[in-house]
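Numbering (the numbering used here), first residue to last: 424 to 814.
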């Protein structure tokens, strides 16, 4: 059993409540041993590399519409048709995350602290992508830097009905979006506890969510709920949507650290990627948006669409760090007057459909009547001959 956690100072719990403000968010990618986790290596067929193979400088007369714009369309409106390029999945036995389905299967991970049955297929997809491997993955660095900078990202958690931060089997948790900057220490680099926050009751009303939780040995675990939460990068307001999301946070009087685990909606996850990071940014880590989308859909393992039967969400774990704050009472009073509502995210395009239907939209790459297809076909065939790692 875990060692008991010291009781908090009596002045931290105000009428049985304590609040925390997010300071860091990042996809929890286990990156310890490259050879074990990515035995086939890092994915290196990015946007630029795939473009060169599809449209080589061999004297052919390419048009902007048939090349650059075609590939942008493929990125913004991707399909699940077979990928002509290799894609390597993470294959190691260890991953961060939680056992989301209550089962221990042959393809499940083991957590670093020995918990069996961890579900985290998003790690399978991102684990061999240079942009996401910790600690130097470019997207991970950008994402973490933008959380404290962007006012859009002020995720607040308030715990109420708390008798102890060590053990309490009945805790209410409410998620809000804050409005105020994070209080920093004298260095300007680290968040300091004890700041104040107002709740955004206008533009942030859609993020208000109520959850039930329990604290065991200083660790808060909430019951699964569908969560909509903000994540802006480069001043672009975007949302993420997680089905059956649950927090697992180690609590102290000044901080909370842990994960938000659940099934990330594939469409909104991909829409957030495309709206936040252009083709140029993706190329920092030799990343291909169309290939990544196919991998996400292939690895999706939850919430099947009733029309197509295709899974719409992928098991995942979001690393999160919080600092203790005080929520202004007047702000809480305004939030209490808001009517209960359930908001859905922008799901992006396209809606999930069976691969046979989506193939019709990709026919210009395989049609014998299409000149571009004829010229690109040898390159595509050569790339397709390279075996991709099976998940």
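Even glycine gets a Cβ: it sits at the ideal position worked out from N, Cα and C.
Bear in mind the structure is a predicted one, so any value in this text is a computation, not a measurement.
Is residue 535 helix, strand or coil by DSSP? coil
Residue interval of the beta strand (DSSP E) (run including residue 740): 734 to 750
Between the CA atoms of residue 590 and residue 635 - distance to the nearest angstrom: 14 Å
So is residue 646 buried or exposed if we call it buried at 16+ other beta carbons inside 10 Å? exposed
Chain-order list of residues whose beta-carbon lies under 7 Å from that of residue 516 (same chain, five-residue window excluded): 532, 533
Would you call residue 501 buried or exposed, if buried means 16 or more other Cβ atoms sit within 10 Å of its Cβ? buried
Can you name, in chain order, every residue of its own chain whose Cβ lies under 6 Å from the Cβ of residue 384, other than the five neighbours on each side? Residue 384 is absent from the structure shown; the chain starts at 424 and stops at 814.
Using DSSP with H/G/I as helix, E/B as strand and the rest coil, what is residue 639? strand
Can you list, in chain order, the residues of its chain whose CB lies under 6 Å from that of residue 670, leaving out five sequence neighbours each side? Taken in chain order, the residues that qualify are 645, 683.
By the 10 Å Cβ neighbour count, where 16 or more other Cβ atoms means buried, how is residue 596 classified, buried or exposed? buried
For residue 673 versus residue 662, is the C-beta spacing smaller than 9 Å? no
Sheet register partners of residue 582 (DSSP bridge): 441, 596
Below 8 Å, can you find three or more Cβ-Cβ pairs linking the stretch 698 to 712 to the stretch 739 to 753? no
For residue 758, which of 631, 470, 615, 642 has the nearest alpha-carbon? 631
Grouping DSSP H, G and I as helix and E and B as strand, with all else coil, what is residue 508? If DSSP states are grouped into helix, strand and coil, residue 508 belongs with coil.
Own chain, CB closer than 6 Å to residue 622, minus 5 neighbours either side, in chain order: Closer than 6 Å at the Cβ level, and outside the excluded window around residue 622, lie 599, 754, 758.
Run through DSSP, which three-state label would residue 499 get? helix
Fully enclosed by the stretch 432 to 491, which beta strand (DSSP E) runs are 3 residues long or longer? 441 to 450
For residue 457 and residue 465, what's the separation of their Cα atoms in angstroms? 9 Å
Stretch-stretch touch, CB-based, cutoff 8 Å, three pairs: the stretch 602 to 622 with the stretch 534 to 546: no
I need the straight-line Cα distance from residue 740 to residue 728, nearest angstrom please. 22 Å
Under a three-way DSSP split, which group does residue 651 fall into? Of the three classes helix, strand and coil, the one that applies to residue 651 here is strand, per DSSP.
Span of the alpha helix (DSSP H) around residue 587: Looking at the DSSP string, residue 587 is not in any alpha helix (DSSP H), and its letter there is neither H nor E.
DSSP state of residue 604 mapped onto helix, strand, coil: Correct three-state label for residue 604: coil.
Ends of the beta strand (DSSP E) at residue 727? 725 to 727
Do residue 460 and residue 513 count as a contact pair if the criterion is CB distance below 9 Å? yes
Roughly how many angstroms separate the alpha carbons of residue 657 and residue 577, rounded to a whole number? 15 Å
Local conformation of residue 717 per DSSP, three classes: helix
To the nearest angstrom, report how far apart residue 482 and residue 664 are at their CA atoms. Linking residue 482 to residue 664 through their CA atoms gives a straight-line distance of about 46 Å.
Among 556, 668, 640, which residue has its Cα nearest to the Cα of residue 587? 640
Relative to the alpha-carbon of residue 511, which residue among 467, 732, 704, 659 has its alpha-carbon at the smallest distance? 467
Inter-residue CB distance, residue 761 and residue 601 (contact presumed, cutoff 8 Å): Actually they are not in contact, since the Cβ atoms of residue 761 and residue 601 sit about 15 Å apart, beyond 8 Å.
Own chain, CB closer than 6 Å to residue 667, minus 5 neighbours either side, in chain order: 647, 685, 686
Assuming residue 440 and residue 581 are in contact, meaning their beta carbons sit under 8 Å apart, how far apart are those beta carbons, in whole angstroms? 6 Å
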